[in-house]
DNA sequence: TTTCCCATGTAATCAGTTACATGATTAG
DNA sequence: CTAATCATGTAACTGATTACATGGGAAA
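Residue numbers (the numbering used here), protein chains in the order written: chain Y, 1210 to 1385; chain Z, 1210 to 1385.
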């Protein structure tokens, strides 16, 4: 098992304990866009396997059968082991980027009608991201450690900016 | 079937006809890093299904049982239909980016030893990409259409630059 | 002649999605 | 009381990987 999902879950739990449902929402909120995505129906059985392997434990059971999981010592160790031994090669799967490249197979008019909304949406998203980074910078402030959220936010700003600039470049190329 | 692989193959064949083996090499060379990845053992049976569906046809059989495929009219139409109807939401799976975000779970020394090579490698890759874009710009030149390769190259330059700048930002944050 | 690359074929397994079903709790 | 949300559970299916096996052709 290479186990990106498993380690994404360990990482999420190392930030803060959570139920399966809550973990699914975290994927929805932060991870899905650039890093990793998983649905509840995949997360749920994986949590059971991770508990079997003693990487996580149930630390509370609440209303609606809610089981709150926490990462164990063994889980922390496994996560760090995994992070310190990255594979030589990484592959990505982004249907979005695939579609960007395949715009080359459309005629210019169709390409333009698909590109323009991408340029607009990325500009808008960029403004939102920059605003979030700015407010986080003033409040939590200078001395804060490199949290998952900061790493992700700073990465997102730069890569959405890159997307925006690419889309604008492609649009000007189409107008020549 | 959502079928990103199928449409990636159609897109590749709409550029130029190829055998299954050649398509696998194209994934290896251009698509895998940012857009999509597939191995031969997945491509091979998909080509058979696409041929059954008349989206591609064998246009030549050569040495070593090589079958060269070409996209059909129906295949072109299917590709364009798919491109013109993008889903509302896209998810990405990049173990590389996941690992970047999870650096937050390591202590600063370990994070630095993983980040520094990323900063270096991305700088190097960026130089290579910029050089390739520059030479392509002077030779094929101004009037060329938006080919798959140009779209991919210009996108790669911008997103590798974004990665590099993010890594340098993270390293300076670690030194405070 | 032997090694490397081209090229296909396939079985077993693992990862991920879709589509359900069930029911408790909270908010309005 | 009613709707929305929280929360788990699971079966069937599709997508993707791993690990083989086979053999032709080119180049050293």
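Cβ atoms here follow ideal geometry from the backbone N, Cα and C, with glycine treated the same way. Just so we're clear, the structure is a prediction, and the values are computed from it rather than from any experiment.
_Just verifying my parser: in three-state terms, what is the DSSP assignment at residue 1155/Y?_
Coverage of chain Y is limited to positions 1210 through 1385, which leaves residue 1155/Y absent and any answer about it impossible.
**Asked** Do residue 1369/Z and residue 1342/Z have their C-beta atoms within less than 8 angstroms of each other?
**Response** Taking the first residue of the second chain as 1, we reach residue 1369/Z at position 160. Taking the first residue of the second chain as 1, we reach residue 1342/Z at position 133. Taking the C-beta atoms as reference points, residue 1342/Z is found no nearer than 8 angstroms to residue 1369/Z.
- Task: Under 6 angstroms Cβ to Cβ from residue 1217/Y, same chain only, skipping five residues before and after it: list those, please.
- Result: Counted from its first residue, the first chain places residue 1217/Y at position 8. Taken in chain order, the residues that qualify are 1245.
Taking the alpha-carbon positions, what's the residue 1299/Z to residue 1242/Y distance?
As a first step, residue 1299/Z must be located in the second chain, where it is residue number 90. As a first step, residue 1242/Y must be located in the first chain, where it is residue number 33. Using only the alpha carbons, I get a separation of about 7 angstroms.
Practice problem: Can you give me the Cβ contacts of residue 1307/Z inside the same chain, cut-off strictly under 7 angstroms, excluding the 5 residues immediately before and after it? | Solution: Here residue 1307/Z is taken as the residue at index 98 of the second chain, counted from 1. So the list is empty, once near-sequence residues are dropped.
Mind checking residue 1278/Z: buried by the 16 CB within 10 Å criterion, or exposed? The count along the second chain starts at 1 and reaches residue 1278/Z at position 69. Per the 10 Å Cβ criterion, buried.
Worksheet item: Are there 16 or more other CB atoms within 10 angstroms of the CB of residue 1210/Z, so buried, or fewer, so exposed?
Response: In the second chain, the residue the question calls residue 1210/Z occupies position 1. Note on residue 1210/Z: pLDDT 49, under 50, position unreliable in the model; no value is reported.
Original post:
Roughly how many whole angstroms lie between the Cα atoms of residue 1311/Z and residue 1363/Z?
Top reply: The residue labelled residue 1311/Z in the question sits at position 102 within the second chain. The residue labelled residue 1363/Z in the question sits at position 154 within the second chain. Computed Cα separation, rounded: 28 angstroms.
*asked:* Below 7 angstroms on C-beta distance, what does residue 1220/Z contact in chain Y?
replied: By 1-based counting over the second chain, the position of residue 1220/Z is 11. Result: 1311, 1314.
Exercise. What are the start and end residues of each continuous alpha helix (DSSP H) run of 4 or more residues lying completely inside the segment 1302 to 1383 of chain Y, in chain order?
Worked result: 1304 to 1311, 1317 to 1348, 1357 to 1383
Practice problem: Reducing DSSP to helix, strand and coil, say where residue 1227/Y ends up. | Solution: The count along the first chain starts at 1 and reaches residue 1227/Y at position 18. Strand, per DSSP.
Assumed close pair residue 1280/Z, residue 1223/Z - CB separation to whole angstroms, cut-off 8 angstroms:
In the second chain, counting from the first residue as 1, residue 1280/Z sits at position 71. In the second chain, counting from the first residue as 1, residue 1223/Z sits at position 14. Indeed they touch by this definition, with Cβ atoms about 5 angstroms apart.
task = Spell out whether any CB of chain Z is found under 8 angstroms from the CB atom of residue 1319/Y.
result = For the purposes of this step, residue 1319/Y is taken as residue 110 along the first chain, with counting starting at 1. So, interface residue.
Run through the DSSP bridge pairs and tell me what residue 1280/Y is partnered with. Mapped onto the first chain, residue 1280/Y falls at position 71. Answer is 1265/Y, bridged to residue 1280/Y.
Near residue 1219/Z, what residues of its chain come up, given a Cβ to Cβ distance below 7 angstroms and the 5 sequence neighbours on each side ignored?
Here residue 1219/Z refers to the residue found at position 10 when the second chain is read from its first residue. These residues qualify, in order along the chain: 1264, 1280, 1284, 1287, 1288.
Whole-angstrom C-beta distance between residue 1356/Z and residue 1303/Y, which should lie under 8 angstroms:
As a first step, residue 1303/Y is located in the first chain; it is residue number 94 there, counting from the start. As a first step, residue 1356/Z is located in the second chain; it is residue number 147 there, counting from the start. Not confirmed; about 20 angstroms, so no contact.
Q.
Against chain Y, with Cβ distances strictly below 8 angstroms, would residue 1232/Z count as a contact?
A. Within the second chain, numbered from 1, the residue matching residue 1232/Z stands at position 23. No, residue 1232/Z does not count as interfacial toward chain Y.
ask   = If we ignore side chains and look at the alpha-carbon of each, how far apart do residue 1225/Y and residue 1231/Y end up?
value = Reading the first chain from its first residue, position 16 is the one you call residue 1225/Y. Reading the first chain from its first residue, position 22 is the one you call residue 1231/Y. If you take the alpha carbons of residue 1225/Y and residue 1231/Y, they lie about 10 angstroms apart.
Can you look up residue 1246/Z in the DSSP assignment and give me helix, strand or coil? Numbered from its first residue, the second chain carries residue 1246/Z at position 37. Note: residue 1246/Z maps to coil in three-state DSSP.
Exercise. Beta carbon of residue 1328/Z, beta carbon of residue 1380/Z: below 8 angstroms?
Worked result: Working through the second chain from its first residue, we reach residue 1328/Z at position 119. Working through the second chain from its first residue, we reach residue 1380/Z at position 171. Yes, Cβ-Cβ distance for residue 1328/Z and residue 1380/Z is below 8 angstroms.
ask   = How many angstroms separate the CA atom of residue 1358/Z from the CA atom of residue 1315/Y?
value = For this step, residue 1358/Z is matched to residue 149 along the second chain. For this step, residue 1315/Y is matched to residue 106 along the first chain. Going from the Cα of residue 1358/Z to the Cα of residue 1315/Y covers about 14 angstroms.
For residue 1340/Z, is the classification buried or exposed, using 16 other Cβ atoms within 10 angstroms of its Cβ as the cut-off for buried?
Stepping through the second chain from its first residue, residue 1340/Z is reached at position 131. It counts as exposed.
Just by C-beta distance, which residues in the segment 1262 to 1296 of chain Y are closer than 7 angstroms to chain Z? 1288, 1289, 1292, 1293, 1295
- Message: Please list, in chain order, the chain Z residues whose beta carbon lies closer than 7 angstroms to that of residue 1300/Y.
- Response: Locating residue 1300/Y in the first chain gives position 91, counting from the first residue. Here the neighbours are 1241, 1246.
- request: Closer than 7 angstroms by C-beta to residue 1323/Z: which residues in its own chain qualify, once you throw out the five before and the five after it? Chain order, please.
  value: Residue mapping note: residue 1323/Z aligns to position 114 of the second chain, counting from 1. Closer than 7 angstroms at Cβ, skipping near neighbours: 1312.
In or out: residue 1157/Z buried (at least 16 other Cβ within 10 Å) or exposed? A question about residue 1157/Z goes unanswered here, because the residues of chain Z that appear run from 1210 up to 1385.
Discussion item. Here's the rule I'm using: 16 or more other beta-carbon atoms within 10 Å means buried, otherwise exposed. How should residue 1235/Y be labelled?
Written reply: The count along the first chain starts at 1 and reaches residue 1235/Y at position 26. It counts as buried.
Whole-angstrom distance between residue 1347/Z and residue 1361/Z, CA atom to CA atom: Counting from one through the second chain, the residue named residue 1361/Z turns up at place 152. Counting from one through the second chain, the residue named residue 1347/Z turns up at place 138. Their backbone Cα atoms lie some 17 angstroms apart in a straight line.
Quick one: is residue 1307/Y near chain Z, going by C-beta distance under 8 angstroms? Position 98 of the first chain, counting from 1, holds the residue named residue 1307/Y. At least one chain Z Cβ lies under 8 angstroms of residue 1307/Y.
| said: Is there a Cβ of chain Z sitting closer than 8 angstroms to that of residue 1355/Y, yes or no? | reply: Counting from one through the first chain, the residue named residue 1355/Y turns up at place 146. Output row for residue 1355/Y: interface = yes.
Notebook entry, point to check: In the structure shown, what three-state DSSP assignment does residue 1210/Z receive?
Noted result: For the purposes of this step, residue 1210/Z is taken as the residue at position 1 of the second chain. Summary for residue 1210/Z: the model assigns pLDDT 49, below 50, so the residue's position carries little reliability; its value from the coordinates is reported in the next sentence. The three-state reading of DSSP puts residue 1210/Z in coil, since its state is none of H, G, I, E or B.
Can you tell me the Cβ-Cβ gap for residue 1301/Y and residue 1301/Z, rounded? I've got them flagged as a contact below 8 angstroms. The residue labelled residue 1301/Y in the question sits at position 92 within the first chain. The residue labelled residue 1301/Z in the question sits at position 92 within the second chain. The Cβ separation is near 7 angstroms, so the contact holds.
Would a check of beta-carbon distances place residue 1330/Y closer than 8 angstroms to chain Z?
-> As a position in the first chain, residue 1330/Y is number 121, starting the count at 1. Interface annotation, residue 1330/Y: not in contact with chain Z, CB-CB separation never under 8 angstroms.
> chain Z beta carbons: is any one of them nearer than 8 angstroms to that of residue 1371/Y?
Replying inline: Walking along the first chain from the start, residue 1371/Y turns up at place 162. True, the Cβ-Cβ gap to chain Z drops below 8 angstroms.
### Query
Can you find a CB in chain Z that lies within less than 8 angstroms of the CB of residue 1253/Y?
Position 44 of the first chain, counted from the first residue, corresponds to residue 1253/Y. It does not; no Cβ of chain Z falls within 8 angstroms.
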